[in-house]
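So the number in my numbering is just where the residue sits in the sequence shown, counting from 1, plus 754.
Have a look at the structure below before the remarks.
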Amino acid sequence: MFPALVLSFLLLSSVAGNTEVDALMALKTKLFDPNNVLQSWDGSLNDPCTWFHVSCNNNNKLVSIDLGKANLAGGELVPELGKLEYLQNLSCRRLSQNKLSGNIPAELGNLPNLDTLELHMNNLGGPIPSQLGNLQKLQTMRLNLNKLTGNVPQSFANLNSLTFLDLTSNALSGTIHLDHGAFLKFTCASFVYGNPGGQVMFHVRFCFWLLTVNRPSLSQINFRSVFFASPSPSPRMSFANNRLIFASTHRYTQILQRFHIISIREPRSKDI
């Protein structure tokens, strides 16, 4: 009985290890690697923890894929990445030359431990998968500077752990209600920096934002790279932190004059 249990354990461990290897090899086949920086990704090895641009935890589980400085020439993400159940960080930012293209795989929403998703500065297109709203541990999501289209998923309201979201420089539109969550920065055509405690509703209409905010600990609104249509809406925001900052250029003077600060209080320790 005991040898059988040991054999079963070894088989299960082998399957788990192969799942990680298979996912990485599937990704490798879709990446353009003219400099052979992924040479260490060898499908004949069952331990990807020794490969470059990946990291493992103390239990030899794959927890990070960081291709941000791999000097690749583009490629596509693959659905097999959604099988990496221990993955915490997926970073494919600033790929040179052609950059990443294709769509964001919906399977990324199956990663229960993912806390960082950085896919900015690529050529990713299509809609944002609503399945990303399943990432309950996600803290940072950067999808800015891509070619994403469609609506921001309503499922983002379920991202309770999110503290940084950047969706700027895409072709996104729509309405979303955020009844809870902890955003430090929220952007599509604007930046919102703080630690919210209330409800947020935003509307994106092509070249301007209508942002309605009620967040007790909001600390900063920062507009950048935004071209507002005329006439533009007049958002009302309730601020509770005297560190409020408007960062703008002459291009945004008119719209910023239409903001109404309703209330500002001294920051509390929980706001810091």
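Just so you know, even glycine gets a beta-carbon here, dropped at the ideal spot from N, CA and C.
Name the residue from the options whose alpha carbon lies nearest to the alpha carbon of residue i.
{"i": "ALA860", "options": "GLY836, TYR840, HIS874", "result": "GLY836"}
{"i": "THR922", "options": "LYS784, LEU899, SER909", "result": "LEU899"}
{"i": "GLY829", "options": "GLU839, CYS846, LEU926", "result": "CYS846"}
{"i": "MET875", "options": "GLN893, VAL832, LEU781, LEU821", "result": "LEU821"}
{"i": "LEU1074", "options": "ASN813, ASN814, LYS823", "result": "Here the chain has residues from 755 to 1026 only, and residue 1074 is not among them."}
{"i": "ASP920", "options": "THR773, LEU913, GLU872, LEU844", "result": "GLU872"}
{"i": "THR903", "options": "ASN812, PHE918, ILE858", "result": "ILE858"}
{"i": "GLU774", "options": "GLN890, LYS815, PHE786, ASN825", "result": "LYS815"}
{"i": "GLN842", "options": "ASN867, GLU834, THR894", "result": "ASN867"}
{"i": "GLU834", "options": "ASN905, ALA777, ARG896, MET895", "result": "ALA777"}
{"i": "ILE819", "options": "PHE806, GLN908, ASN825", "result": "PHE806"}
{"i": "TYR789", "options": "SER798, VAL808, LEU826, GLY797", "result": "Looking at the sequence itself, residue 789 is Asn, so the reference to Tyr does not match. The option with the nearest alpha carbon to ASN789 is LEU826."}
{"i": "VAL817", "options": "ASP796, LEU916, ASN912, ASP869", "result": "ASP869"}
{"i": "THR894", "options": "GLY856, VAL832, LEU844", "result": "LEU844"}
Tell whether a beta-carbon distance below 9 Å holds between residue i and residue j.
{"i": "PRO883", "j": "GLY863", "result": "yes"}
{"i": "LEU892", "j": "LEU886", "result": "yes"}
{"i": "ARG896", "j": "PHE910", "result": "no"}
{"i": "ASN905", "j": "GLN890", "result": "no"}
Which residue comes first and which comes last in the beta strand (DSSP E) that contains residue i?
{"i": "CYS810", "result": "808 to 810"}
{"i": "GLU872", "result": "870 to 872"}
{"i": "MET895", "result": "894 to 896"}
{"i": "PHE918", "result": "918 to 920"}
{"i": "ASN843", "result": "843 to 845"}
{"i": "THR804", "result": "Per DSSP, THR804 belongs to no beta strand (DSSP E) and is neither H nor E."}
{"i": "LEU902", "result": "901 to 905"}
Using three-state DSSP, classify residue i as helix, strand or coil.
{"i": "MET779", "result": "helix"}
{"i": "LEU854", "result": "strand"}
{"i": "GLU774", "result": "helix"}
Measuring from the CB of residue i, is there a heavy atom of the ligand ATP at a distance below 8 Å?
{"i": "SER923", "result": "With respect to small molecules bound, the structure shown includes none, and the ligand ATP cannot be examined in it."}
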